[in-house]
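Data first, discussion second: the structure below is written as structure tokens.
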Amino acid sequence: MQIETIRLRDFRNYHSLILTPHPGVNILLGQNGSGKTNLLEAVHYCALGRSHRTGLDREVVRKGAMMAASGVTLRKKSGKTEIAVKLTPSEARKKTVFIDCKRAERISALMGHVQCVIFSPEDLMLVKEGPAIRRRMLDMMLSQLSTAYFSALQQYQKALEQRTALLREAKRGITPDPVLLDTFEDAMAIPCGIIIPLRDKLVKQLAKIAAEKYERISGRPNEMFRMTYQPCVPETSNPVPAIRAELKKSRQEDIRVGGAGCGIHREDIGLSLMGRSMKVFASQGQIRTAALAIKLAQLETFRAETGETPILLLDDVMSELDMTRRTRLLREIEGVQTFITCTDESDLDGCREKRSYRVWMDSDGEGHVQEESAGDEVMKPDLLHDPELDEPSGK
């Protein structure tokens, strides 16, 4: 998989941009706040229809603009595909996806076209932070691998919100309709029949590869790194009956706390080193190695599942790694189209197949990108007459 072109319109601090990236490593150099991460965010939108930084689409619309758009031309083994996401926060349809210039009916149609793995400083907290960040990693990956997973996750989240709202009424003394409560709990349990088996399978795949990557990066075969899925119910092959029973059993407690104590939104991944919890015992170096091993395992799993190598987005993480880990990371990503943001190019000494871009912001706050070797600015507003990014035909 390779991105041949990135096109932006009024996205974050970019008014208009066409970028033709290198098939290998693309280095985005610039000061903090210049707009480097915005380019990675634009690619992420084309993969998942959302930002990896914010849950508010309106934040990515350039100040003074009514809409924002991000598009990529993607080359895969099956051929070339055009993907675009248009954001119009002030309109009823706030987000529109275009695939090969045709408007998609649902956001879920986007899933699976662009696969990417992102590694940001926040991902270094995969080990130490609470379970939400680890669940989010699973959700992001599985949504790209399975449209059924993405749809099931949406159904579950909607039903969870409905049940929670109903139980909060009970806390105020309003007796909930038992039939409606059963309906919402069914609507929570049924998607778990898709979600839990897929999470279980994925964690097992990641665990095997991540253990190998950890050993290779650390150079310490005695430090046995393990990942284990911690499901909300013991039965993972057919979890629906158990979920139903747990939800019914926990109603009174859920009314008291104002939430659902059981469900996939409570699951976690256990991370251990030599049989001991990494949350408690791991050093900073071990934490960084584990996070890196997990990300590399994601790359390998995508490749195994789809036959395509995903796009890798490295957001300001090279400075967080020591020289040994940086060198081993660069060795691992050979042959992977990668976008790396950094402030110091010396962090990437030893990287061979690469192209460097200077990213900066002018006095008006507008972002600019210039290829270092060519000395030419890649921003070309006059070329941006693209129906996907400008005035989609709605076909």
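Each residue of the sequence shown is one higher than the last, beginning at 0 in numbering that gives the first Met the number 0. Where is the CB? At the ideal position from N, CA and C, for every residue including glycine. Given the structure is predicted, the values throughout are model-derived calculations rather than measurements.
Who are the near neighbours of residue 57 in its chain, counting only those whose CB is closer than 8 Å to its CB and skipping five residues on each side?
Taking the sequence shown and counting its residues from 1, the one referred to as residue 57 is at position 58. Within the same chain, Cβ atoms closer than 8 Å to the Cβ of residue 57 are found at 86 and 88, the five residues on either side in sequence being excluded.
Evaluate contact between the segment 353–360 and the segment 15–27, counting only Cβ atoms and requiring at least three cross-stretch pairs below 8 Å.
Using a C-beta cut-off of 8 Å, the segment 353–360 makes contact with the segment 15–27, since at least three inter-stretch Cβ pairs fall below that distance.
Backbone CA spacing between residue 393 and residue 257 [nearest angstrom]
On the sequence shown, residue 393 is found 394 positions in, with the first residue counted as 1. On the sequence shown, residue 257 is found 258 positions in, with the first residue counted as 1. Its pLDDT being 40, under 50, residue 393 is placed unreliably in this model, and the coordinates cannot settle the point.
Could you tell me whether any Cβ in chain C is nearer than 7 Å to the Cβ of residue 259?
Within the model displayed, chain C is absent; a lone protein chain is all it includes.
Secondary structure of residue 227, DSSP reduced to three states
Position 228 of the sequence shown, counted from the first residue, corresponds to residue 227. Strand, per DSSP.
Check whether the Cβ atoms of residue 41 and residue 73 sit closer than 7 Å, and answer yes or no.
Here residue 41 refers to the residue found at position 42 of the sequence shown. Here residue 73 refers to the residue found at position 74 of the sequence shown. Between residue 41 and residue 73, the gap from beta carbon to beta carbon reaches 7 Å or more.
By the 10 Å Cβ neighbour count, where 16 or more other Cβ atoms means buried, how is residue 282 classified, buried or exposed?
As a first step, residue 282 is located in the sequence shown; it is residue number 283 there, counting from the start. Classification of residue 282: exposed, given that the 10 Å Cβ count is below 16.
With distances taken between CB atoms, is the gap from residue 117 to residue 21 smaller than 7 Å?
For this step, residue 117 is matched to residue 118 along the sequence shown. For this step, residue 21 is matched to residue 22 along the sequence shown. Taking 7 Å as the Cβ cut-off, residue 117 and residue 21 do not qualify as a contacting pair.
For residue 189 and residue 231, the rounded distance between their alpha carbons:
Counted from its first residue, the sequence shown places residue 231 at position 232. Counted from its first residue, the sequence shown places residue 189 at position 190. Going by the C-alpha atoms only, they are around 14 Å apart.
Determine the burial state of residue 13: buried for a count of at least 16 other Cβ atoms within 10 Å of its Cβ, exposed for fewer.
If you number the sequence shown from 1, residue 13 lands on position 14. With 16 or more Cβ atoms within 10 Å of its Cβ, residue 13 is classed as buried.
For residue 268, the nearest candidate out of 220, 331, 127 and 180 (CA to CA)
In the sequence shown, counting from the first residue as 1, residue 268 sits at position 269. For the residues 220, 331, 127 and 180, the minimum Cα distance to residue 268 belongs to 127.
What is the C-beta distance between residue 211 and residue 220, in whole angstroms, given that I count them as a contact (C-beta under 8 Å)?
Taking the first residue of the sequence shown as position 1, residue 211 is located at position 212. Taking the first residue of the sequence shown as position 1, residue 220 is located at position 221. Wrong, their Cβ atoms sit about 10 Å apart, outside the cutoff.
Mind pulling the alpha helix (DSSP H) runs of 4 or more residues that sit fully within the segment 126–183?
130–144 and 146–170
If you follow the beta strand (DSSP E) that residue 267 is in, where does it begin and where does it stop?
Looking up residue 267 in the sequence shown gives position 268. Element bounds for residue 267: 267–272.
Whether residue 292 touches residue 164 by CB criterion (7 Å):
Walking along the sequence shown from the start, residue 292 turns up at place 293. Walking along the sequence shown from the start, residue 164 turns up at place 165. Taking 7 Å as the Cβ cut-off, residue 292 and residue 164 do not qualify as a contacting pair.
Collapsed DSSP secondary structure at residue 353 in the structure displayed:
The residue you call residue 353 lines up with position 354 of the sequence shown. Looking at residue 353 - three-state DSSP - the assignment turns out to be strand.
Beta strand (DSSP E) segment containing residue 68, residue limits
For the purposes of this step, residue 68 is identified with residue 69 of the sequence shown, where counting begins at 1. Counting along the chain, residue 68 sits inside the beta strand (DSSP E) bounded by residues 67–75.
Cα-Cα separation between residue 339 and residue 353, rounded to whole angstroms:
Here residue 339 refers to the residue found at position 340 of the sequence shown. Here residue 353 refers to the residue found at position 354 of the sequence shown. Approximately 10 Å between the Cα atoms of the pair.
Could you name the residues of the same chain whose beta carbon sits closer than 7 Å to that of residue 235, not counting the 5 residues immediately before and after it, in chain order?
As a first step, residue 235 is located in the sequence shown; it is residue number 236 there, counting from the start. For residue 235, where only same-chain residues beyond five positions count, the Cβ hits under 7 Å are 195, 196 and 199.
Could you give the distance in angstroms between the alpha-carbon of residue 298 and the alpha-carbon of residue 311?
As a first step, residue 298 must be located in the sequence shown, where it is residue number 299. As a first step, residue 311 must be located in the sequence shown, where it is residue number 312. So the two alpha carbons sit approximately 8 Å from each other.
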